Amino acid sequence: MAKLSLLGGAAVALPLERALGGPATLANRIATSALPLPFTVPFARPPAITPFRYDDTTDYYRVSMEPAMKEIIPGLQTMVWGYNGSVPGPTFRVTKGRRAVVRQVNNLPSRHPVLDYTPWTSVHLHGSASLPQYDGYASDISNPGQWKDYVYPNVQHARTLWYHDHGVHHTAQNVFMGLAGMYIMTDAVEQALPLPRGEYDVPLIVSDMMFNADGSLLFNLDEDSGFYGDVIAVNGRPWPLMKVQRRKYRFRILNASVSRSYRWSLSDGRPMTVVATDAGLMAAPRSVTSIRHAPAERYEVVIDFARYAPGTRITLRNSSPKNNVNFANVDKVMAFEVTGDPFDPANNQVPAVLEPDQPAMSLTAADSMRTRQFVFRRDGGEWVINNRTWEDVVRSNFTLALATTNKNDVETWELRNPSGGWHHPIHVHLVDFKILSRNGQPAQPWEQGAKDVVFLGENETIRLLIKFDGGFGKYMMHCHNLVHEDHDMMGQFVVLNGANVADDPFSVPARNLPETPL
Numbered sequence: 002m003a004k005l006s007l008l009g010g011a012a013v014a015l016p017l018e019r020a021l022g023g024p025a026t027l028a029n030r031i032a033t034s035a036l037p038l039p040f041t042v043p044f045a046r047p048p049a050i051t052p053f054r055y056d057d058t059t060d061y062y063r064v065s066m067e068p069a070m071k072e073i074i075p076g077l078q079t080m081v082w083g084y085n086g087s088v089p090g091p092t093f094r095v096t097k098g099r100r101a102v103v104r105q106v107n108n109l110p111s112r113h114p115v116l117d118y119t120p121w122t123s124v125h126l127h128g129s130a131s132l133p134q135y136d137g138y139a140s141d142i143s144n145p146g147q148w149k150d151y152v153y154p155n156v157q158h159a160r161t162l163w164y165h166d167h168g169v170h171h172t173a174q175n176v177f178m179g180l181a182g183m184y185i186m187t188d189a190v191e192q193a194l195p196l197p198r199g200e201y202d203v204p205l206i207v208s209d210m211m212f213n214a215d216g217s218l219l220f221n222l223d224e225d226s227g228f229y230g231d232v233i234a235v236n237g238r239p240w241p242l243m244k245v246q247r248r249k250y251r252f253r254i255l256n257a258s259v260s261r262s263y264r265w266s267l268s269d270g271r272p273m274t275v276v277a278t279d280a281g282l283m284a285a286p287r288s289v290t291s292i293r294h295a296p297a298e299r300y301e302v303v304i305d306f307a308r309y310a311p312g313t314r315i316t317l318r319n320s321s322p323k324n325n326v327n328f329a330n331v332d333k334v335m336a337f338e339v340t341g342d343p344f345d346p347a348n349n350q351v352p353a354v355l356e357p358d359q360p361a362m363s364l365t366a367a368d369s370m371r372t373r374q375f376v377f378r379r380d381g382g383e384w385v386i387n388n389r390t391w392e393d394v395v396r397s398n399f400t401l402a403l404a405t406t407n408k409n410d411v412e413t414w415e416l417r418n419p420s421g422g423w424h425h426p427i428h429v430h431l432v433d434f435k436i437l438s439r440n441g442q443p444a445q446p447w448e449q450g451a452k453d454v455v456f457l458g459e460n461e462t463i464r465l466l467i468k469f470d471g472g473f474g475k476y477m478m479h480c481h482n483l484v485h486e487d488h489d490m491m492g493q494f495v496v497l498n499g500a501n502v503a504d505d506p507f508s509v510p511a512r513n514l515p516e517t518p519l
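Quick note: the sequence shown uses this note's numbering, first residue 2, plus one each step.
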């Protein structure tokens, strides 16, 4: 029932569970009463990763994708797949101007023990202007028992990136199993600002999960429209409680959920200060009382706990956007408990000017050389872009493109979602973009920074301004509801280098174990 074909090293198979169809049974789902009460599990930060070695220009890392047993629900053991066995994966902290080489080794089992598919992988550093062969092109896969070195230039402005699996047709399952982590890049401009740093600069990787009664993960599809779990985890901990000091904290919030979108707010209704979006610092901070957050977006917010007395507990809440599937306690995310502990008062400010020279935000509508339209909709059970799917790209031997442009061209891309039944987080690889308008109106306050994912809501039209200045070759655009992506809402665009040459994403294929020296 499942076919396998290889074209230039590219997987085009439909996984078995996709061919069989239908949602998984919920009969064994763990009872709500067996889940931990919100805010009873202590908060934890993801582990950090350090280079395996380094030289004058480059830091070298080795990462193994491998199974591990973790206690996520207290008292139960859960099999996960993690980068270095960690869920979420270890956090990279890199500096602009220093290249990184990351060896990714696929040490996953030959078949998923329940869903019965081969877990090939393709690692995407989301937000990086990588060359196509290192970008996590969905069909550029590594099978179990293979490895690949990914090269990251780290030449963009400071930003919060993340890395996750992008393997064709089962990205959702691989990310659900745990293959996601944060990658933080800094630069001199950011380091000169008095924003919170060190222990006060905190990754928050939010995902929703679902479990069987024995603690094993339960992957249940809502008729191929998405996966929606009943447990909200932050850094792999269900509804954690974080103790904070009476000062400002900078939180890098990544929505790493397969499908779920969120709307954040604080339980007392007080504002948060947004200082950065997907592609780095905003020109100026924005004070908001809520933020709508789609899968794969990153927002950096500063919360000032000096305004609370010791012993105060503040909750980060989720008022769910429509067309999510909700359960008890998905309206809660985590809690902060304010202590009276002494703290370091340095870097405890939000300046009025952050990054006025972000290239994407300097573009104006007058810079645009042409306008293109892209329609995202459902057709015959498949999710399509301009009536095309990734299967169409594969059948064309990877020549079919939604757009072909030239390096350094500036374009307006108009994204349309004609449905009221679902929303789409749209991710454009390679580039940073500016949101020109949302339904003819300005971008939301929290969106007024450079982005690489945009929340395309129900019956919405969004205009983006893009300069293709990061690289050249074949790159992907897709919905980041990973179930939509797997079913088959992905396409590609081509950036030419001025000589009608496009870099080949299959030019550096994965290699079989054993490894050569790193």
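Note that CB positions come from ideal geometry on N, CA and C, so glycine has one too.
In this text the structure is predicted, and so the values were computed from the model without any measurement.
Rounding to the nearest angstrom, what Cα-Cα distance links residue i and residue j in this structure?
| i | j | result |
| --- | --- | --- |
| Asp202 | Val395 | 42 Å |
| Leu514 | Ser143 | 11 Å |
| Lys333 | Val42 | 13 Å |
| Pro52 | Ala310 | 41 Å |
| Gly128 | Ala451 | 11 Å |
| Gly499 | Gly472 | 12 Å |
| Glu486 | Val385 | 9 Å |
| Ala25 | Leu222 | At Ala25 the pLDDT is 45, less than 50, meaning the model places this residue with poor confidence; the figure from the coordinates comes in the next sentence. If I take the Cα positions, the gap works out to 7 Å. |
| Asp544 | Thr33 | Only positions 2 to 519 of the chain appear in the structure, and residue 544 is not among them; the question remains open. |
| Tyr263 | Met491 | 23 Å |
| Glu18 | Tyr118 | The pLDDT assigned to Glu18 is 37, lower than 50, so where the model puts this residue is not dependable, and the model offers no usable value. |
| Pro110 | Met183 | 24 Å |
| Leu194 | Ile467 | 27 Å |
| Ser266 | Leu219 | 28 Å |
| Leu126 | Ile463 | 25 Å |
| Thr517 | Val64 | 14 Å |
| Tyr84 | Phe177 | 13 Å |
For the candidate residues the options, whose alpha-carbon lies nearest to that of residue i?
| i | options | result |
| --- | --- | --- |
| Ala159 | Val169, Pro75 and Met283 | Met283 |
| Asp1 | Val302, Asp136, Gly146 and Val259 | Shown here, the chain extends from 2 to 519; a query on residue 1 therefore has no answer. |
| Asp1 | Tyr229, Ser226 and Leu317 | The requested residue 1 is not part of the displayed model; the chain covers only 2 to 519. |
| Phe44 | Val103, Val275 and Met335 | Met335 |
| Asn460 | Gly137, Trp121 and Asn324 | Asn324 |
| Ala521 | Gly422, Arg247 and Val289 | This structure cannot speak to residue 521, because the chain is shown only from 2 to 519. |
| Ser420 | Arg379, Arg99 and Val152 | Arg379 |
| Trp163 | Leu401, Tyr118 and Pro296 | Pro296 |
| Asn108 | Val454, Lys149, Gln374 and Leu519 | Lys149 |
| Leu196 | Arg30, Val354 and Ile463 | Val354 |
| Ile427 | Gly474, Asp393 and Phe375 | Phe375 |
| Pro37 | Thr172, Phe344, Asn330 and Thr58 | Asn330 |
| Gly341 | Thr372, Arg373 and Phe306 | Phe306 |
Run the CB neighbour count on residue i, radius 10 Å, all protein chains shown included, and call it buried at 16 or more, exposed below.
| i | result |
| --- | --- |
| Lys244 | exposed |
| Glu200 | exposed |
| Pro506 | buried |
| Thr92 | buried |
| Leu27 | exposed |
| Pro47 | buried |
| Ala503 | buried |
| Ala277 | buried |
| Ala361 | buried |
| Glu72 | exposed |
| Gly76 | exposed |
| Gln350 | exposed |
| Asn327 | exposed |
| Asp209 | buried |
| Thr400 | exposed |
When you compare the CB positions of residue i and residue j, do they come within less than 8 Å of one another, or not?
| i | j | result |
| --- | --- | --- |
| His425 | Tyr476 | no |
| Ser260 | Asn482 | yes |
| Pro241 | Val232 | no |
| Pro89 | Ala257 | yes |
| Val525 | Gln134 | Nothing about residue 525 can be read from this structure; the chain reaches only from 2 to 519. |
| Leu437 | Phe377 | no |
| Tyr250 | Ile315 | no |
| His488 | Glu383 | yes |
| Asn155 | Arg100 | yes |
| Gly227 | Met211 | no |
| Val102 | Tyr138 | no |
| Arg299 | Arg253 | yes |
| Val339 | Thr405 | no |
| Leu465 | Trp414 | yes |
| Gly474 | Gln359 | no |
| Val190 | Glu356 | yes |
(message) So within the stretch 317 to 347, which uninterrupted beta strand (DSSP E) runs reach at least 3 residues, ignoring any that extend past its ends?
(response) 333 to 339
(message) My parser needs the beta strand (DSSP E) runs of 3 or more residues fully inside the stretch 458 to 493; what are they?
(response) 462 to 468 and 474 to 480
(request) Mind listing, in chain order, the continuous beta strand (DSSP E) runs of no fewer than 3 residues lying wholly within the stretch 39 to 118? (result) 59 to 71, 79 to 84, 90 to 96 and 100 to 107
(message) Quick check for students: name the residue ranges of the beta strand (DSSP E) that lie wholly in the stretch 411 to 464, counting only runs of 3 or more.
(response) 411 to 417, 425 to 429, 434 to 439 and 454 to 457
(request) Only counting runs of 3 or more residues, tell me where the beta strand (DSSP E) segments fall wholly within the stretch 191 to 242, in order along the chain. (result) 202 to 210 and 232 to 235
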